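Take a look at the structure below.
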Amino acid sequence: MSVDTNLSSDGRELTIRVSGRFDFSAHQAFRDAYENLAPDASSYIIDLRDTSYLDSSALGMLLLLRDHAGGDSAQISVINCNADVKKILKISNFEQLFRIY
Amino acid sequence: MTGIRVLIADDNLVDRKLLSRIVRNQGNTVVEATCGEEAILAFREHHPDIVLMDVLMPGIGGKEAARCIKAEAGEDMVPIIFLTSLTDAHDLAACLESGGDDFMNKPYNPVVLEAKIRSFYRMRDMHRTLQAQRDTIAVHNDHLIREQETAKAVFDNVAHHGCLSSPNIRYMLSPLAVFNGDVLLAARCPGGGMHVLLGDFTGHGLPAAIGAMPMAEIFYGMTAKGFGIRDIVREINLKLHNILPVGFFCCATMAALDFDNKTTSLWMGGVPDGYLLRSKNRELEPLCSTHLPLGVLSNARFNDSVIDLNFNNDDRLFFWSDGILEARNSAGEMFGQERLEHVMRYSISPTLVFEDIQTALSEFQGTQKNDDDVTLLEVVMMDRELLGETPVGPANAPASGPLDWSLSYRLGPQSLQTFNPLPLMMHIIMEVPGLQSINGQLYSVLSELYSNALEHGVLGLDSSLKHSPEGFMRYYQERETRLQQMGNGHVIIEMEHSGNVEHGRLVLRFRDSGPGFDWQTMVNRSRCTPGDAHRYCGRGIPLLSSICTSLEYKEKGNVVEAEIMWPPTAEG
Amino acid sequence: MSSQEHFDNESLQTLQEIMEDEFNELIELFISDSGKRLPAMELAWETRNAVGLRMEAHSFKGSSANVCARELSRLNMELEDLLRDRTPDDSEWQELHNKINAIRAETGVVHDYFQQMLQA
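Chains as they are written, first to last, in my numbering: chain A, 1 to 101; chain B, 102 to 673; chain C, 674 to 793.
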């Protein structure tokens with residue numbers, strides 16, 4: 001598991017890329033990514049191109065990010081989901097909360 | 102530091118004196134022994150931190166003494182440094198095998214000796230810390246296990262007065278499921294129906310278990326008071342949203358079964374697909390979750406809409422937590438949806454599906470078997486009579502209550518659209534001690550009269566629609582549409598009670614704003630053909646007349662009055 | 674006499690520093706202890722007790738090393754080595770006695786040196 005971040009030049013858009021298993025072990029790194037590295041970001045892209053698996057604690061982490069990013073007004077896209085990951089997000093009906101591609 | 106206590110065992114007075122001096126000079130405390138036996142005695146008496154032991158001594162010698170001391174020390178680490186002028190490798194090896202930790206060659210080098218003593222003392226200190234931590238962990242673990250047992254007992258008291266043992270329910274649930282976040286609840290409704298809830302909290306352990314408590318409380322409390330599935334999921338969501346930290350939630354399926362109308366209403370949030378297996382033609386209908394899990398959304402954004410389905414006798418619902426889908430075999434593959442679907446499709450008989458899933462799972466997991474996280478539920482539709490008694494309501498009600506009272510409660514359009522008055526009405530009626538034993542029947546009367554007043558009276562729906570299963574679904578769609586479009590209309594509920602502590606009389610009167618109907622003709626006709634009563638009063642009428650002392654329509658047919666005498670007569 | 678042949682003078686000085694006021698006592702203990710070693714060796718030799726003789730040599734080797742009597746310790750080590758894992762024959766026993774005599778002579782030298790130190 002690793003968490004990489006990339007902040008747009010104006011500091012407003014933060015991309016967080018999670019590789020490997022997105023589970024509880026990513027908790028601290030994921031949180032650090034948006035809390036400490038980019039406190040001024042207003043929109044977020046979660047890039048899951050290298051994410052093999054996602055469990056319910058990862059869903060919890062996404063909800064935490066959503067809360068941090070303003071709750072209902074949060075702008076978060078979850079992109080490059082593989083079929084398994086997409087299925088988990090779909091089962092949980094997370095497309096009602098996030099833009100999922 | 103004066104802390105290090107050193108035992109020096111050497112038969113040679115000169116060597117012993119020299120060594121003792123060196124060790125004391127370094128700030129340590131010295132205990133001396135002149136032979137192996139003395140060394141063992143001194144060890145017992147003084148509990149030294151480190152032992153410096155001559156190898157060749159009269160009597161049992163250094164190696165044997167070292168063996169005894171190590172044996173007596175048990176788990177404690179007592180470093181033994183052999184004092185030797187031996188040079189032969191085999192001799193040195195023999196010293197280590199007897200339990201020695203290191204050597205010190207004569208003549209002694211004070212700098213090396215001090216370094217060795219300090220280093221072994223640090224090691225012993227570290228060992229003690231580890232032991233203490235290990236013991237603390239063991240104590241904490243015992244404590245945790247006891248706490249979990251207590252918590253489980255408390256949870257069982259809250260959760261298991263339900264009706265999971267009903268003949269229409271089969272389930273597989275780990276004994277400590279509450280600590281892996283799985284919750285299974287079932288309860289009979291006062292009107293005779295049944296509510297079942299399968300929940301899967303995020304996470305494990307206490308954080309997962311903690312949300313299960315209020316969930317069970319709300320589920321049982323509201324079900325007993327006659328609330329419907331939508332009110333209950335909404336209330337649970339509100340509660341969990343308020344108490345759980347962001348990021349924690351509960352994936353859940355709740356089903357409400359109506360044994361009289363053979364329907365089920367489902368609310369599914371964040372759960373894997375469930376299935377409805379029809380007894381007729383063995384059709385398999387997947388049931389998909391359409392909502393977010395409980396606890397995620399605020400009350401304002403929460404969606405309590407349900408799926409209504411026909412659910413005929415021997416039709417089966419299957420639900421599970423994601424543990425079953427994620428169960429792995431030795432190759433690390435997951436059991437998955439396809440395997441489940443295959444079992445459901447190709448079992449010899451629908452009645453065997455549940456066992457077949459268990460078997461298939463067990464075979465799939467092989468030696469990896471770990472059922473701890475697997476929760477599986479089957480709910481079957483059957484006739485109400487086969488389920489046994491509906492449990493009676495609150496057993497610990499007060500012995501005395503209000504006996505002479507009346508009320509009139511008027512519900513306008515907005516209330517009719519959004520509010521279910523039955524729990525409130527039941528709550529008031531249940532204050533009368535003598536009525537508590539028939540709360541289920543009373544709920545049926547209230548619910549039947551209220552839906553007649555609302556659906557036929559105010560909304561003008563034709564109950565003949567309900568005669569076919571397809572019509573039944575259409576009836577409820579139509580009901581929903583008319584309700585939302587309703588501009589005016591009302592239902593007035595009047596209740597009167599009189600009596601004493603031994604017996605009493607309850608009158609329920611429902612007055613709706615509808616046009617009424619020609620009840621006199623209907624009643625006259627029904628005397629000849631009792632079955633026709635169903636035409637205008639729904640299917641509950643036979644039940645009503647068995648409970649009510651009298652049941653009369655009044656005025657233009659928009660008023661109905663039921664009288665209930667208690668205690669109920671023997672045949673009632 | 675050059676003490677360098679008999680003693681590790683540098684270590685002896687360190688020993689003196691370590692023992693401070695107890696140095697004299699230690700040396701006296703050594704003199705009395707080593708005085709008893711030679712009769713014990715003689716007895717072991719007369720009774721052809723190889724194990725006993727070796728134990729004495731081993732112990733004497735250690736204590737003389739500790740008081741920095743380098744040559745005395747070396748002679749004892751030679752005696753110990755001659756007895757290691759074997760039973761000497763008659764001619765060897767004679768040779769062993771020569772070694773004991775050498776140890777006795779060296780003990781005398783060490784004693785004299787220590788006596789001088791104590792009186793100084």
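Just so it is clear, CB atoms sit at the ideal spot from N, CA and C, and this is done for glycine as well.
The model shown is predicted, which means the values in this text are computed figures rather than measured ones.
Classify residue i: buried if its beta carbon has 16 or more other beta carbons within 10 angstroms, exposed otherwise.
i, result
"P373 of chain B", "buried"
"V449 of chain B", "Just to set this straight, residue 449 of chain B is Ile in the shown sequence, not Val. So I449 of chain B counts as exposed."
"L791 of chain C", "exposed"
"R610 of chain B", "buried"
"Y222 of chain B", "buried"
"K217 of chain B", "buried"
"C290 of chain B", "buried"
"C629 of chain B", "Confidence in C629 of chain B is poor, its pLDDT being 45 and thus under 50, which makes the residue's placement too unreliable to answer from."
"S599 of chain B", "exposed"
"I46 of chain A", "buried"
"N774 of chain C", "exposed"
"I344 of chain B", "exposed"
"S463 of chain B", "exposed"
"S736 of chain C", "buried"
"K207 of chain B", "buried"
"T680 of chain C", "Thr is not the amino acid found at residue 680 of chain C; the sequence shown has Phe there. So F680 of chain C counts as buried."
Check whether chain B comes within 9 Å of residue i, counting only Cβ atoms and requiring the distance to be less than that.
i, result
"M61 of chain A", "yes"
"D10 of chain A", "no"
"T687 of chain C", "yes"
"K734 of chain C", "yes"
"S684 of chain C", "yes"
"S73 of chain A", "no"
"D67 of chain A", "yes"
"S19 of chain A", "no"
"F94 of chain A", "yes"
Helix or strand or just coil, what does DSSP make of residue i?
i, result
"R636 of chain B", "Its pLDDT being 42, under 50, R636 of chain B is placed unreliably by the model, and nothing is read from it."
"E672 of chain B", "Caution is warranted here: a pLDDT of 44 is assigned to E672 of chain B, below 50, making its placement in the model unreliable, and no coordinate value can be reported."
"K734 of chain C", "helix"
"G322 of chain B", "helix"
"H27 of chain A", "helix"
"L791 of chain C", "helix"
"L65 of chain A", "helix"
"S60 of chain A", "Residue identity differs from the one stated: residue 60 of chain A is Gly in this sequence, not Ser. DSSP places G60 of chain A in helix when its eight states are reduced to three."
"K381 of chain B", "coil"
"V212 of chain B", "helix"
"Y551 of chain B", "helix"
"I88 of chain A", "helix"
"M666 of chain B", "strand"
"T15 of chain A", "strand"
"I700 of chain C", "helix"
"M314 of chain B", "helix"
"L157 of chain B", "coil"
"P43 of chain B", "Any property of residue 43 of chain B remains undetermined from this structure, which presents chain B solely from 102 to 673."
"Y376 of chain B", "strand"
Just checking: is the beta-carbon of residue i within a distance shorter than 9 Å of some beta-carbon in chain C?
i, result
"P199 of chain B", "According to the sequence provided, residue 199 of chain B is Ser. The question's Pro does not apply to it. Taking Cβ atoms only, chain C never reaches closer than 9 Å to S199 of chain B, which makes this a no."
"I123 of chain B", "yes"
"N242 of chain B", "no"
"V152 of chain B", "no"
Any beta-carbon of chain A closer than 9 Å to the one on residue i?
i, result
"T303 of chain B", "yes"
"T391 of chain B", "yes"
"G402 of chain B", "A small fix is needed here, since residue 402 of chain B is Arg in this sequence, not Gly. For R402 of chain B, the answer is yes, since a Cβ of chain A falls inside 9 Å of its Cβ."
"P394 of chain B", "yes"
May I ask you to list, following chain order, the residues of the region 327–353 of chain B that have a beta carbon less than 8 Å from some beta carbon of chain A? Cβ contacts with chain A: V347, G348, F349, F350 and C352.
Can you find at least 3 beta carbon pairs, one from the region 102–116 of chain B and one from the region 79–99 of chain A, that sit closer than 8 Å? They do not touch, by the three-pair rule.
Across the region 372–388 of chain B and the region 321–336 of chain B, are there enough close Cβ pairs to call them in contact, namely three or more that are closer than 8 Å? No, the region 372–388 of chain B does not touch the region 321–336 of chain B.
Using 8 Å as the cut-off, can you tell me whether the region 680–697 of chain C makes contact with the region 645–659 of chain B, which would need three or more C-beta pairs spanning the two stretches below that distance? Fewer than three beta-carbon pairs drawn from the region 680–697 of chain C and the region 645–659 of chain B are found closer than 8 Å, and the two stretches are therefore not classed as touching.
Against chain A: residues of the region 368–385 of chain B by CB proximity under 8 Å: When CB distances to chain A are screened at a threshold of 8 Å, the residues of the region 368–385 of chain B falling below it are G370, G371, V372, P373 and D374, in chain order.
Would you check if the region 255–273 of chain B and the region 329–337 of chain B touch, i.e. whether three or more CB-CB distances between them fall below 8 Å? These segments do not touch.
Does the region 184–198 of chain B come into contact with the region 154–161 of chain B, if we say contact requires no fewer than three beta-carbon pairs (one atom in each stretch) closer than 8 Å? The region 184–198 of chain B, when compared against the region 154–161 of chain B, does touch it at the 8 Å Cβ threshold.
Between the region 36–59 of chain A and chain B, which residues of the former have a C-beta closer than 9 Å to a C-beta of the latter? Cβ contacts with chain B come from D55, S56, S57 and L59.
Does the region 267–281 of chain B come into contact with the region 474–485 of chain B, if we say contact requires no fewer than three beta-carbon pairs (one atom in each stretch) closer than 8 Å? The region 267–281 of chain B is in contact with the region 474–485 of chain B.
Interface positions of the region 119–148 of chain B facing chain C (Cβ-Cβ less than 7 Å), listed along the chain: For chain C, the residues of the region 119–148 of chain B that bring a beta carbon within less than 7 Å of one of its beta carbons are L119, R122, I123 and N126, in chain order.
Could you say if the region 536–548 of chain B and the region 657–668 of chain B meet the contact criterion of at least three C-beta pairs nearer than 8 Å? By the Cβ rule, the region 536–548 of chain B counts as touching the region 657–668 of chain B, because three or more pairs are nearer than 8 Å.
Is the region 111–121 of chain B touching the region 699–707 of chain C, taking contact as three or more C-beta pairs under 8 Å? Taking one beta carbon from each stretch, the region 111–121 of chain B and the region 699–707 of chain C have 3 or more pairs nearer than 8 Å; the two touch.
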